């Protein structure tokens, strides 16, 4: 998928296993996964400035993948639709990265930790994306921030910077408590800077 919120990379995989995990449906998390929650985004291409519209909507469905329970989130981008799989466990936020095609080429599905509820500025952790991008170092660079995005003012905003092991910044994600992702900033060329335009949290 285009670089629209790396931590929600499109994932499609075989459903296996029997272990069920109890996802936290609390709407006051930093990425609400309550059914019916919807976000709309405007994504600007860093190469040509073209603007595209994207959205994600949380479904009522959970699914077991590799023995882990995920909430299904539908993403729509310029007429295309795909499923993303998200879970929250112990204040940690995960998405599944990888897909069936990649598996046939030696890639595997991975539980990507993109956010920590109680992390402090300076806290960091390593999360493996895939064989192309390798490990991402996720570092909390701001907490309790206030941002105005898409005409909305958000408080309790946390910023997480994702960078490669060579130090190159890949993307910075901004999550507002009780709302979810409000913007993402891609510092290079070839990605998308994304801002929320409207939302509804159930």
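Numbering (this note's numbering), first residue to last: 29 to 230. Yeah, the Cβ is synthetic: ideal placement off N, Cα and C, and Gly gets one too. Bear in mind that the values here come from a model prediction, so they are computed numbers and not experimental data.
Assuming residue i contacts residue j (C-beta within less than 8 Å), just tell me the rounded distance between them.
i, j, result
"residue 201", "residue 164", "That belief does not hold up - the Cβ atoms of residue 201 and residue 164 are roughly 11 Å apart, past 8 Å."
"residue 188", "residue 174", "At roughly 17 Å, the Cβ-Cβ gap does not stay under 8 Å, so residue 188 and residue 174 are not in contact."
Among the residues of its own chain, which have a CB less than 8 Å from the CB of residue i, if the five just before and after it don't count?
i, result
"residue 192", "161, 162, 163, 164, 165 and 198"
"residue 141", "120, 121, 122, 153, 155 and 166"
"residue 79", "70, 71, 72 and 73"
"residue 89", "99 and 100"
"residue 113", "39, 91, 93, 98, 99, 100, 101, 123 and 124"
Buried or exposed, going by whether 16 or more other CB atoms sit within 10 Å of the CB of residue i?
i, result
"residue 212", "buried"
"residue 76", "exposed"
"residue 125", "buried"
"residue 149", "exposed"
"residue 220", "buried"
"residue 181", "exposed"
"residue 96", "buried"
"residue 195", "exposed"
"residue 81", "exposed"
"residue 179", "exposed"
Spatial neighbours of residue i within its chain, please: CB distance less than 6 Å, with the 5 preceding and 5 following residues excluded, ordered by chain position.
i, result
"residue 85", "66 and 102"
"residue 177", "210, 211, 223 and 224"
"residue 144", "120"
"residue 139", "122"
"residue 206", "56"
Considering only C-alpha positions, which residue in the set the options is nearest to residue i?
i, options, result
"residue 99", "105, 64 and 81", "64"
"residue 137", "94, 184 and 215", "94"
"residue 203", "185, 216 and 112", "185"
"residue 62", "208, 106 and 151", "208"
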